[in-house]
């Protein structure tokens, strides 16, 4: 074997009308973690899909283990020694975990699947990666983060020389990330290589040996991770200096309370309990907490998507009941959901339809849809939010994540909300688009609207919020009111409060 | 990049108009000259020429909306062929049939095909709503039967020997028709309720309702004194709804059936509902991503109810047309209509996974099946072979349609 286990040489990939990859090269050494970075749409995923046989490159060469190869299917890639953890998980929910792992290569005796062997193999595999799950439990009963770890175990089970991890930590908690890093370290010491795609700078700097950066379908370069800093990476990713990750906030929230929530308790016993908070005009209220803190459940209940057992909500001082989305909209609330794909985007509908769906009634004259008006409004608001799309007739699924998110924000801004609730608004979105979304938020509060923002990204939570409410296991554990002195330590302390208490009790 | 040639839409449309005019001119010349053995080919040519020219005119005046340039390249031609594969195949089939049996080239044949398509089209338009929300409606056919039986049972002539209601006075024609359609809508409501309230899969919900409808219809049909006798002696003012013909010239022209304008009006109404009302937009949204529709504040419950109610209204109306056309009814009316309607929709590009479907596609789908049936009958191919060919068409059409969406 040469110096590299994998060499991708001048890979070019064309899509109708776009050069997705323009002579991109990537060289991965054995036994290293190689980070691949770039804004959304920079071509990272496309490059990996060429390696994994999902796309076929239009030019260039892939050399794996010293031999030139032509990867035409994922099956071939797996057999060759490349496995991939996909960004989006698609477990078969009603089948056991072990069948999800060994699908397509079930252990067999003669023609029958050997369930016992499969069970034992899975058990062994889980032991290797420190997972304590019963292999026969149904995949659908596991949480998203556990499934992510199962997916990682599955990639390990192929015994691949190269493992591609595409945003593996997007749904993991901090402890689980540590767990993942331990697994990665073990794999590395076994001489395997990992191609690690992530937007999270801190992770990249911590775990990777080398970093390759891409921009607009081209190579920017490869550097040892030790030589890089967050600012340097961002700088090279966007090709310009981003001195400020957050735009300057010029306005102050007023004292007028627009939303008051009292003793808010979910109908589901394991969800949020006794939540009390106030939201003021022109304020950005951040909600911090770990996965499982029930933050999403709380805002979805406020928006009428989940049922509530008790509690009162006051909007501008009057009590309101919002037990479905239409009532919430009538009270001028808007919610940008966490799961963009599952609950936000209409993939096969046009950008136009996606933009106007939440306030269609506004574009009707005597019950008849006025297409001209819809088009004009959608065009205007997409332009305002700087949505990059060839035209409004394009199917939504063809837009990048950041642009989809901007369309969804446009959709909700068109409903003219007083209170915009954003649930992880910048998850999986590139740095440039993030900045634009922050600007939109500040513009809103400057115009006297209010924003509630759930964020698991600490810098974003600290950088954007006027106040921070922290939740832990369904309860509000504290508020951080002093914007000048927000502390990450304090948020983490509040976010893990009950876990620690329990740990102390147990000890 | 393949070589590409961009032509302005103006010159493209003028070319199309000229082609249309030339075809029409050829037709006129042939009409003037003796043309024995060619049947109505000249008149058909004039009609085709006129349609092509009209299409060109639309391109000419619609250039603002459609974009000002058209690019021609190997790729766009391939794309065009894939898009229109079904229609192109149909044209080839028609030409072949015309060679085998020149008497196929008659204006009468064209109107026969349109007439036969009309009731089917009404059913297909009813079912398309449930298909677009990624569901289906198996109860369509049985509702056709229910509506036919109810309407005819109250619309028999006073002197008919075997009346369903021997003592019933001669009702205004409106009442039985409304009653029949209303009965269907009740079951449509039940369909929608089962789907919306319990989240039942439409396949199961409508399967259950289909069975109930057939049972109810048979019970009604079996009431004394009728005792499951086919209903006859239907009043002529009712059969007029299905049998009236306009522009009849004895021995020259068979006339245009009233069914054709009826179907055309319904097409327009349904097109309007799907494209110009928020309800229609919501139907597409629910088919595209139901969860996202809920979050966007679409009233999913009500929309699903209406989807099935509108469907049942159209099935009911389809039953009226069938009963009027055939001047009678039994509880077996409408058997299997739902599968034909689903097939026509799917061949016309309506996606079973939801969110996709156009009226023009559905019309094409229905026409394709009628042309095949009529044409194959015309050249004397056995009904058994017709079934085989029909099946192949469904599979091939959907395969071609799906390949459009495949990305590589």
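Residue numbers (our numbering), protein chains in the order written: chain H, 2 to 508; chain B, 7 to 414. A virtual CB, placed ideally from N, CA and C, is assigned to each residue, including glycine. A quick note: this is a predicted structure, and the numbers were derived from the prediction, not measured.
Burial state of residue i, where buried means 16 or more other Cβ atoms lie within 10 Å
i: residue 237 (chain H); result: buried
i: residue 264 (chain H); result: exposed
i: residue 405 (chain H); result: buried
i: residue 413 (chain H); result: buried
i: residue 111 (chain B); result: buried
i: residue 228 (chain H); result: exposed
i: residue 108 (chain B); result: exposed
i: residue 181 (chain B); result: exposed
i: residue 319 (chain H); result: exposed
i: residue 142 (chain B); result: buried
i: residue 505 (chain H); result: Residue confidence for residue 505 (chain H) is low, a pLDDT of 40 falling below 50, so the modelled location carries little weight and cannot support an answer.
i: residue 8 (chain B); result: Only weak support exists for where residue 8 (chain B) lies, its pLDDT of 46 falling under 50; the value from the coordinates is given anyway. Per the 10 Å Cβ criterion, exposed.
i: residue 448 (chain H); result: exposed
i: residue 231 (chain B); result: exposed
i: residue 512 (chain H); result: Not covered by the structure: residue 512 (chain H). The range shown for chain H is 2 to 508.
i: residue 169 (chain B); result: buried
i: residue 233 (chain B); result: exposed
i: residue 14 (chain B); result: exposed
8 angstroms contact criterion, which residue i and residue j should meet: CB distance rounded
i: residue 378 (chain B); j: residue 399 (chain B); result: 7 angstroms
i: residue 216 (chain B); j: residue 145 (chain B); result: 4 angstroms
i: residue 58 (chain H); j: residue 69 (chain H); result: So it is not a contact: roughly 12 angstroms between Cβ atoms.
i: residue 209 (chain H); j: residue 72 (chain H); result: Residue 209 (chain H) to residue 72 (chain H), Cβ: 24 angstroms. No contact.
i: residue 304 (chain H); j: residue 422 (chain H); result: 7 angstroms
i: residue 411 (chain H); j: residue 382 (chain H); result: 4 angstroms
Contact set for residue i: own chain, Cβ-Cβ below 6 angstroms, skip 5 residues either direction
i: residue 294 (chain H); result: 472, 473
i: residue 339 (chain H); result: 297, 424, 425
i: residue 278 (chain H); result: 262, 470
i: residue 381 (chain B); result: 103
i: residue 28 (chain H); result: 5, 8
Residues that DSSP places opposite residue i in a beta bridge
i: residue 480 (chain H); result: H:470
i: residue 263 (chain H); result: H:313
i: residue 7 (chain H); result: H:29, H:65
i: residue 225 (chain H); result: H:211
i: residue 109 (chain H); result: H:114
Residue of the options minimising C-alpha distance to residue i
i: residue 115 (chain H); options: H:296, H:436, H:99, H:448; result: H:99
i: residue 288 (chain B); options: B:339, B:255, B:360; result: B:360
i: residue 140 (chain B); options: B:293, B:333, B:303, B:308; result: B:293
i: residue 187 (chain H); options: H:160, H:239, H:309; result: H:160
i: residue 477 (chain H); options: H:110, H:290, H:201; result: H:290
i: residue 200 (chain H); options: H:498, H:458, H:309; result: H:458
i: residue 272 (chain B); options: B:231, B:323, B:103, B:225; result: B:323
i: residue 285 (chain B); options: B:309, B:269, B:270; result: B:309
i: residue 103 (chain B); options: B:393, B:385, B:191; result: B:385
i: residue 332 (chain H); options: H:316, H:343, H:341, H:24; result: H:316
i: residue 270 (chain H); options: H:303, H:308, H:262, H:282; result: H:308
i: residue 260 (chain H); options: H:285, H:386, H:348, H:145; result: H:285
i: residue 317 (chain B); options: B:362, B:197, B:306, B:165; result: B:197
i: residue 174 (chain B); options: B:297, B:160, B:274, B:165; result: B:160
i: residue 322 (chain H); options: H:302, H:336, H:416; result: H:302
i: residue 162 (chain H); options: H:6, H:170, H:484; result: H:6
i: residue 204 (chain H); options: H:131, H:491, H:37; result: H:37
i: residue 26 (chain H); options: H:235, H:212, H:95, H:267; result: H:212
i: residue 299 (chain H); options: H:292, H:326, H:266; result: H:266
i: residue 237 (chain B); options: B:172, B:365, B:252, B:185; result: B:172
Cβ neighbours of residue i in the same chain (closer than 7 angstroms, five flanking residues each side left out)
i: residue 338 (chain B); result: 151
i: residue 376 (chain H); result: 353, 393
i: residue 63 (chain B); result: 23
i: residue 533 (chain H); result: Nothing about residue 533 (chain H) can be reported from this structure: the residues present for chain H run from 2 to 508 only.
i: residue 379 (chain H); result: 353, 356, 357, 393
i: residue 133 (chain B); result: 143, 146, 317, 344, 347, 348, 351
i: residue 395 (chain B); result: 378, 382
i: residue 96 (chain B); result: 374, 377
i: residue 261 (chain B); result: 251, 252, 253, 254
Cβ neighbours of residue i in the same chain (closer than 8 angstroms, five flanking residues each side left out)
i: residue 93 (chain H); result: 100, 101, 104, 140
i: residue 168 (chain H); result: 88, 198, 199, 200, 429
i: residue 74 (chain H); result: 54
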